[in-house]
């Protein structure tokens with residue numbers, strides 16, 4: 001039982017990270033109907049930004065009490081700024097000119113962008129894994145289950161960000177513009193919504209969340225690598241699809257489920273096939289229930 | 001007249017100002033983007049700790065290139081493009097001798113290529129040209145032509161094509177090492193097995209379209225690779241299968257024994273003969289692929305593929321059975337992937353799951369996209385440019401003198417691939433060869449301009 005609860009805690013931690021990345025996929029898909037294949041690599045860029053900030057700042061301010069908090073905050077903020085800038089530029093340069101092109105064009109560009117980004121980091125920062133020393137190492141034991149401070153931080157940050165994003169999307173003019181653009185881009189433009197700006201902001205929001213997820217990933221595993229974007233990216237996309245693509249709570253639910261499935265599968269079956277499990281879920285959901293758990297079924301217009 | 005001049009001067013002024021403004025903006029943005037990733041590099045020191053180092057010079061170079069580049073685009077390139085568009089005449093191109101007979105010339109060149117390499121570089125020296133350039137490029141030409149059937153003709157974006165390549169390679173590797181069957185028997189068997197897998201994987205995705213289809217095929221490709229890694233009893237996992245038997249020519253083996261090819265024809269023993277044999281083999285396989293593709297395009301099934309690509313709903317309304325159409329596209333494409341796979345196994349003598357990663361699928365797809373989906377010539381040119389280009393990058397020692405000793409050109413190949421995919425989609429979405437010859441026409445054949453072909457609806 002304790003083992004099971006332990007795996008549950010680990011799964012939820014991992015699931016929070018996937019959920020954060022999945023929101024980026026789901027928001028972009030919702031608003032322009034495109035699978036942003038490069039989103040996983042934005043996540044990786046976020047992890048690298050956090051890594052570099054950590055390396056530069058930690059000798060200056062040290063590891064004592066408040067300093068760790070400042071360091072964490074600096075890592076998060078800089079990573080968010082970095083990926084926002086990158087995703088904004090990518091959308092501007094690579095995706096926007098293709099709106100209205102044939103349907104597969106943005107996907108192909110996004111795949112090209114994904115290859116470009118991971119290899120850019122490989123060339124600029126070197127192909128080796130980049131380990132960092134543990135940032136927060138405290139572990140608490142509650143009724144036989146060990147929960148590390150890292151895990152608590154990750155879950156709390158995820159929960160807080162979700163609350164903020166849920167509020168933005170549902171209760172602000174910006175969120176209203178986003179939902180309107182999602183429903184009907186042309187009509188939204190006629191009603192005075194700056195559609196281009198709304199789409200840009202959506203990309204920025206997705207990138208900021210991916211950066212947070214990337215920083216958390218770095219803190220959790222203590223290592224970053226240029227090809228970290230692909231597999232977590234596909235898993236997060238699976239999460240978005242499982243939860244129902246286009247649905248914000250769905251993305252989080254899907255992320256948590258994927259995290260749980262992955263850690264329980266590794267714990268009770270074979271760890272070797274854990275990625276097969278995720279990929280199989282992805283295929284099954286897309287084939288048998290493309291609208292996912294919480295999504296709206298797509299109506300085919302002729 | 002004076003008014004006109006003044007107006008144009010003012011226009012130039014404002015253009016210049018606009019250029020400066022946009023250039024500065026681009027510089028600022030690129031400074032922000034590259035500050036961390038280029039300006040600071042992280043490295044392990046001898047104690048295996050991560051340390052960082054600033055690279056201000058490189059960062060400055062990036063920022064200046066971005067700013068100046070944007071300035072030139074705004075002030076020079078954009079007005080030039082606009083002027084050209086305004087003055088554009090309906091192009092009546094007279095085709096030269098070379099472009100008319102391009103295919104014949106290319107074919108003759110390919111047939112004599114190994115002989116040329118041997119005469120110019122000697123038997124041993126020709127190895128590099130025949131193997132690294134010739135065979136390597138032709139394998140990708142064949143793979144890209146195979147994928148072209150699925151993506152270019154039927155319009156189904158397949159991101160897991162490398163799985164069929166893997167099926168072909170492992171079929172040959174396993175069946176020949178466990179049962180000792182020969183290459184010529186296993187070549188068609190690999191193709192059939194790959195086609196079967198094409199059907200098996202194609203069946204569940206029949207209902208999907210566009211990007212969902214792409215993602216599911218990616219998932220299938222990864223599943224097959226992970227199974228190859230983890231099913232260690234049969235596939236030996238990441239170690240791979242080594243010492244796979246070579247192909248033979250009418251029973252003549254290519255080895256140093258008395259019955260070997262070199263001894264039989266009284267030649268000095270060299271591994272070059274096997275490579276030259278393989279070169280002609282892959283050339284023949286490529287030609288087979290091209291022939292089948294060209295013939296199929298004229299048959300009802302090929303027409304159905306192209307109709308499916310243009311509009312699936314209209315296709316169904318016209319009574320075309322989309323299930324069989326899609327499945328045959330998957331199976332035919334997969335079959336050629338299987339042929340190429342078994343050839344690959346015979347050439348390398350070693351297969352491991354590392355050869356069948358997603359990046360391979362992406363490279364093949366990039367070639368198809370760059371060549372202009374559907375155009376065989378364009379795809380072949382793209383394969384020569386991309387694969388030959390990366391092999392050339394490897395050869396360019398002089399780059400090391402410019403960029404320093406730790407400069408490894410191979411690292412840049414995927415970077416260039418990715419950038420090329422994006423740029424081609426942005427500026428020439430129909431690929432280098434921007435027009436497509438219609439297979440069905442009334443009275444005379446007219447080239448369809450790229451501006452009229454718009455595909456992938458639904």
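Residue numbers (full-length UniProt numbering), protein chains in the order written: chain A, 1 to 302; chain B, 1 to 458. Beta carbons are placed, not taken as given, at the ideal position from N, Cα and C, and that holds for glycine.
Asked                                                                                                                                               : Found
Interface flag, residue 322 of chain B vs chain A, CB-CB below 8 angstroms                                                                          : no
Residue 204 of chain A versus residue 428 of chain B: straight-line alpha-carbon distance, rounded                                                  : 28 angstroms
Distance between residue 313 of chain B and residue 103 of chain B (C-alpha atoms, nearest Å)                                                       : 36 angstroms
Contact with chain B by residue 265 of chain A, beta-carbon distance below 8 angstroms                                                              : no
Chain-ordered chain D contacts of residue 210 of chain B [CB-CB under 7 angstroms]                                                                  : Looking at the structure shown, chain D is missing, and the protein chains on hand are A and B.
Ordered list of alpha helix (DSSP H) runs contained in the region 150-219 of chain A, each at least 4 residues                                      : 173-183, 185-190
Backbone CA spacing between residue 461 of chain B and residue 68 of chain B [nearest angstrom]                                                     : Because residue 461 of chain B is not part of the residues shown, which for chain B are 1 to 458, the question remains open.
Partners in chain A for residue 44 of chain B, counting only beta-carbon separations shorter than 7 angstroms                                       : 128
Cβ-based burial, residue 425 of chain B [other Cβ within 10 Å; buried from 16]                                                                      : buried
Rounded separation between residue 68 of chain A and residue 151 of chain A - CA only                                                               : 16 angstroms
Selection from A:110, A:128, A:236, A:275 that minimises the alpha carbon distance to residue 229 of chain B                                        : A:275
Three-way DSSP call (helix, strand, coil) for residue 312 of chain B in this model                                                                  : helix
Separation of residue 250 of chain A from residue 293 of chain A, as counted between CA atoms                                                       : 7 angstroms
Contact under 8 angstroms by Cβ, residue 218 of chain A with residue 165 of chain A                                                                 : no
Candidates A:114, A:244, A:51, A:270: closest to residue 417 of chain B by CA position                                                              : A:114
Chain-ordered chain A contacts of residue 414 of chain B [CB-CB under 7 angstroms]                                                                  : 115, 119
Top-ranked residue by Cα proximity to residue 337 of chain B, from B:356, B:348, B:319                                                              : B:356
Candidates A:7, A:20, A:222: closest to residue 130 of chain A by CA position                                                                       : A:222
Under 8 angstroms between C-beta atoms of residue 110 of chain A and residue 48 of chain A                                                          : no
Residue 227 of chain B: CB within 7 angstroms of a non-hydrogen atom of the ligand GTP                                                              : This structure lacks the ligand GTP; in fact it carries no ligand of any kind.
Partners in chain A for residue 418 of chain B, counting only beta-carbon separations shorter than 9 angstroms                                      : 111, 112, 113, 114, 115, 116, 117, 118, 119, 120
Chain-order list of residues whose beta-carbon lies under 7 angstroms from that of residue 80 of chain A (same chain, five-residue window excluded) : 208, 211, 212
Three-pair Cβ contact test at 8 angstroms for the region 146-164 of chain B versus the region 213-221 of chain B                                    : yes
Where the beta strand (DSSP E) through residue 50 of chain B begins and ends                                                                        : 50-54
Residue 153 of chain B and residue 316 of chain B closer than 8 angstroms at C-beta                                                                 : no
Residue 156 of chain A versus residue 231 of chain B - alpha carbon distance                                                                        : 40 angstroms
Closer than 9 angstroms at the beta carbon, the chain B residues around residue 43 of chain A                                                       : What residue 43 of chain A touches in chain B: nothing, since even the nearest Cβ is about 15 angstroms away.
For residue 147 of chain A, the three-state DSSP class (helix, strand or coil)                                                                      : strand
Cutoff 7 angstroms; reference residue 282 of chain A; Cβ partners in own chain excluding five residues on either side                               : 238, 241
For residue 241 of chain B, the residue or residues it bridges with in DSSP                                                                         : B:351
Segment limits, alpha helix (DSSP H) that includes residue 384 of chain B                                                                           : First-last for residue 384 of chain B: undefined, no H or E at that position.
Contact with chain B by residue 309 of chain A, beta-carbon distance below 8 angstroms                                                              : No information on residue 309 of chain A is available, as it lies outside the stretch 1 to 302 that chain A covers here.
Nearest-angstrom Cβ-Cβ length linking residue 24 of chain A and residue 230 of chain A, presumed shorter than 8 angstroms                           : Between residue 230 of chain A and residue 24 of chain A the Cβ distance is about 15 angstroms, and since that is not below 8 angstroms, they are no contact.
Three-way DSSP call (helix, strand, coil) for residue 224 of chain A in this model                                                                  : strand
Where the region 187-219 of chain B meets chain A: residues whose CB sits under 8 angstroms from a CB there                                         : 204, 205, 207, 208, 210, 211, 212, 214, 215, 216, 218, 219
Residue 161 of chain B - DSSP class collapsed to helix/strand/coil                                                                                  : coil
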